[in-house]
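Numbering (this note's numbering), first residue to last: 20 to 216. What follows is a set of notes on a single structure, which appears directly below.
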């Protein structure tokens, strides 16, 4: 997993609330087991509308999504996180996230930032007035910055450390590989073993 420290990029205002994971990535995209290739399915139904914000040329290449409240509700699916990442988003800002979606995001390297709704509204207004405006998401300083907006945010210290170090669950386990090998080598012979194939 790529480490996240500070990211600066253009952003997209998504003025919709209660966006569920089926809207983020429809269920028929869940047949794949790899983490790649979901960008075409991101908000698939809404992208059929030429006026949808992701279809607007002025927001092409944006890497921060500034969403309405209750983003990521609905069924648990990591594919929603992968679709956002595959499209190019590094961070999502909202006033409220669904717990499971937020957990999946943070474990997969997508920073989800909770800010007060009035701050989200100010960011969205800025981006609508100036689509070239950049937003900085500073995980080191726990702060979001944009023209006329400076907002501190909180994040669980363990999640923050994992993002700063670029560690997912597998990486964390592999950090203890030598201890695991030592443990397995010293287990009594009468206990079950994992046999190498």
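Every residue gets a Cβ at the ideal spot worked out from N, C-alpha and C, and that includes glycine. Please read all numbers here as calculations on a predicted model, not as lab measurements.
Based on the DSSP secondary-structure assignment, which residues constitute the bridge partners of residue i?
| i | result |
| --- | --- |
| residue 28 | 154 |
Taking all protein chains shown into account, decide if residue i is buried (16 or more other Cβ within 10 angstroms of its Cβ) or exposed.
| i | result |
| --- | --- |
| residue 200 | exposed |
| residue 167 | exposed |
| residue 25 | exposed |
| residue 78 | buried |
| residue 113 | buried |
| residue 209 | exposed |
| residue 121 | buried |
| residue 53 | exposed |
| residue 34 | exposed |
| residue 216 | exposed |
| residue 192 | exposed |
| residue 32 | buried |
| residue 131 | buried |
| residue 43 | buried |
| residue 183 | exposed |
With distances taken from CA atoms, which of the options is nearest residue i?
| i | options | result |
| --- | --- | --- |
| residue 110 | 76, 163, 205 | 163 |
| residue 179 | 198, 189, 158 | 158 |
| residue 174 | 44, 125, 74, 33 | 125 |
| residue 22 | 187, 209, 47, 85 | 187 |
| residue 75 | 146, 171, 42, 51 | 146 |
| residue 138 | 104, 214, 170, 152 | 170 |
| residue 40 | 34, 103, 31, 84 | 103 |
| residue 181 | 196, 123, 42 | 123 |
| residue 38 | 85, 152, 184, 205 | 85 |
| residue 156 | 72, 142, 149 | 142 |
Tell me whether residue i, by its Cβ, gets closer than 6 Å to a heavy atom of the ligand SAH.
| i | result |
| --- | --- |
| residue 94 | As far as ligands go, the structure on display features none, and thus does not contain the ligand SAH. |
Do the stretch 51-61 and the stretch 93-102 meet, that is, are 3 or more Cβ pairs less than 8 Å apart? yes
With a floor of 4 residues, list each alpha helix (DSSP H) that falls wholly inside the stretch 131-196, ordered by position along the chain. 136-148, 176-184, 188-193
Extract the residue ranges of the beta strand (DSSP E) inside the stretch 22-74, only unbroken runs of 3 or more that lie entirely within it. 25-33
Taking contact to mean at least 3 C-beta pairs separated by less than 8 Å, is the stretch 81-93 in contact with the stretch 115-122? yes
Can you list, in chain order, the stretches of the alpha helix (DSSP H) that have 4 or more residues and sit fully within the stretch 79-124? 97-106
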